[in-house]
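Residue numbers (the working numbering): 6 to 329. We put the beta carbon where it would ideally sit given N, CA and C, even for glycine. Note sheet for the following structure.
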């Protein structure tokens with residue numbers, strides 16, 4: 006995040022830079038990934054204003070017609086509707102924040118002129134959904150314990166890749182016969198998720214064999230080959246390598262979110278209620294999950310879901326598992 010703050014400082018006016026630091030530090034932008042996404046979107050706005058409007062450094066002085074020009078350029082360039090909507094939301098949020106401080110700014114974004122209509126439901130750009138048999142083929146193609154562990158975590162708990170990459174050793178919990186993992190979800194909050202028994206077994210084996218952590222701070226749960234914290238790009242490369250080895254068509258379309266979407270789709274097909282899928286995926290948007298349940302019984306429900314999704318873990322090669 007530090008490098009992005011440096012980039013912002015060089016692209017924005019000093020006054021706006023100071024405001025953006027406060028804005029990014031707000032509780033509504035609690036997670037690191039959210040702050041990075043907002044910063045990147047703002048840098049795109051600053052870059053566009055410099056190239057197309059000849060205006061730098063960037064400040065909150067855009068006009069409604071200029072945003073219309075930006076929107077037309079984005080559409081002509083084939084930008085995804087979701088990306089356009091997110092970038093508009095970023096700018097709108099910053100204008101609102103500035104106004105909350107009493108600054109004399111007027112948002113140039115108009116609901117009538119600028120907000121693209123986003124279709125709900127699956128689209129051509131939605132995450133690739135794999136069948137359980139394809140997930141099992143990827144597990145069978147795993148070359149080491151870490152590969153199988155990551156696939157198992159992503160699928161059986163329908164986790165976001167950011168949650169896995171941010172997890173530390175200290176986030177693991179063992180309670181009776183069940184192992185739990187504390188993960189950070191959108192908004193920066195944390196939740197405990199249950200681990201399938203085979204996934205927990207793989208985690209035990211991985212911890213014994215992984216490279217030693219020598220960096221500052223708590224030890225990350227999963228690291229790359231050089232011993233550094235695993236990131237989403239590492240995971241994407243890993244999944245595509247496994248998909249290719251498993252003979253899955255178009256392996257380049259497999260992403261970490263594919264595992265999450267595949268888990269939710271599998272459970273929907275098996276008759277799981279929408280509210281229980283919400284518990285599994287930890288979605289907050291009522292339009293996405295349709296209904297929100299109270300937390301009563303959440304752990305037991307999600308543990309049962311994880312165990313059911315864990316049926317694919319029988320495909321893990323025997324040599325990767327703990328000997329009896």
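Here the C-alpha atom of residue 22 lies approximately 23 Å from the C-alpha atom of residue 89.
A direct Cα-Cα distance of roughly 22 Å separates residue 135 from residue 207.
With respect to the 9 Å criterion, residue 115 and residue 96 are not classified as neighbours on the basis of their beta carbons. Non-local beta-carbon contacts of residue 236 in its own chain, meaning distances under 7 Å to residues more than five positions away in sequence, involve 170 in chain order.
Inter-segment contact for the region 188 to 204 and the region 212 to 221 is absent: fewer than three beta-carbon pairs are separated by less than 8 Å.
In this structure, the straight-line span from the alpha carbon of residue 229 to that of residue 105 is close to 43 Å.
In this structure the region 134 to 154 touches the region 309 to 327; the number of beta carbon pairs closer than 8 Å is three or more.
Contact between residue 100 and residue 49 fails: their C-beta atoms lie close to 16 Å from each other, not under 8 Å. Secondary-structure assignment with DSSP links residue 180 through a beta bridge to 183. Residue environment analysis places residue 69 among the exposed positions, since fewer than 16 neighbouring C-beta atoms fall within 10 angstroms of its C-beta. Inter-residue distance for residue 244 and residue 260 is about 7 Å (C-alpha atoms, whole angstroms). Contact between the region 136 to 143 and the region 219 to 227 is not established, with fewer than three Cβ pairs separated by less than 8 Å. Bridge pairing for residue 225: 173 [DSSP]. Closest option to residue 119, judged by alpha-carbon separation, among 249, 268, 86, 181: 86.
The continuous alpha helix (DSSP H) containing residue 273 extends over residues 261 to 274.
Where residue 194 is concerned, there is no enclosing alpha helix (DSSP H), because DSSP gives it neither an H nor an E. The beta carbon of residue 306 lies closer than 8 Å to those of 281, 284 in the same chain, with the five residues before and after it left out. DSSP, read as helix, strand or coil, puts residue 188 in strand. Nearest neighbour of residue 309 by Cα position, chosen from 157, 177, 25, 162, turns out to be 162.
Residue state for residue 144 is assigned as helix, using DSSP reduced to three classes.
The C-beta of residue 147 has 16 or more other C-beta atoms within 10 Å across all chains shown, which makes the residue buried. At the C-beta level, residue 165 and residue 204 stay beyond 9 Å of one another.
Going by beta carbons, residue 265 and residue 286 fall inside the 9 Å limit. Every unbroken stretch of the alpha helix (DSSP H) spanning 4 or more residues and falling wholly within the region 30 to 58 is given here in chain order: 37 to 57.
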